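Novice: Last residue of the sequence shown: 297 in this note's numbering, with the numbers rising by one and none dropped.
The C-beta atom is built at its ideal place from N, Cα and C for all residues, glycine as well.
All values reported here derive from a predicted model rather than from experimental measurement.
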Amino acid sequence: MKKEPIKVCVVNQTENAYHIKFPNLKIPVKVNEHLYHKMLHSPEYQFKSSNAVVKQTYSA
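1. Quick one: what does DSSP say H271 is sitting in, helix, strand or coil?
2. Identify the continuous beta strand (DSSP E) that holds I243 and give its terminal residues.
3. Please go through the same chain and pick out, in chain order, the residues whose beta-carbon is closer than 7 Å to the beta-carbon of L262, but skip the five residues on each side of it.
4. Which residues in the same chain as I243 place their Cβ atom closer than 6 Å to its Cβ, once the five residues preceding and following it in sequence are excluded?
5. Check the C-beta distance from V247 over to F259 and give it rounded, since I have them as a contact under 8 Å.
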């Protein structure tokens, strides 16, 4: 059985933190930049676009 990725959305970005909205939570979760990049490159999460303007930087 293949596990579907969790669809999350970045709703806000501060200097070094990202506020990520999960489908079953009412409030966004605040994560640091390192964890955000790990989530961004993980097959377990699928980021969908939001109306918020977010500067996304990609590390190699």
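Specialist: Looking at the coordinates:
1. In the sequence shown, the residue the question calls residue 271 occupies position 34. Correct three-state label for H271: helix.
2. Along the sequence shown, one-based indexing puts residue 243 at 6. 243-250 is the extent of the beta strand (DSSP E) around I243.
3. Here residue 262 refers to the residue found at position 25 of the sequence shown. Same-chain partners within the cutoff: there are none.
4. Stepping through the sequence shown from its first residue, residue 243 is reached at position 6. Answer for I243: Y282, listed in chain order.
5. Reading the sequence shown from its first residue, position 10 is the one you call residue 247. Reading the sequence shown from its first residue, position 22 is the one you call residue 259. Going by Cβ atoms, the distance from V247 to F259 rounds to 11 Å, so no, they are not a contact pair.
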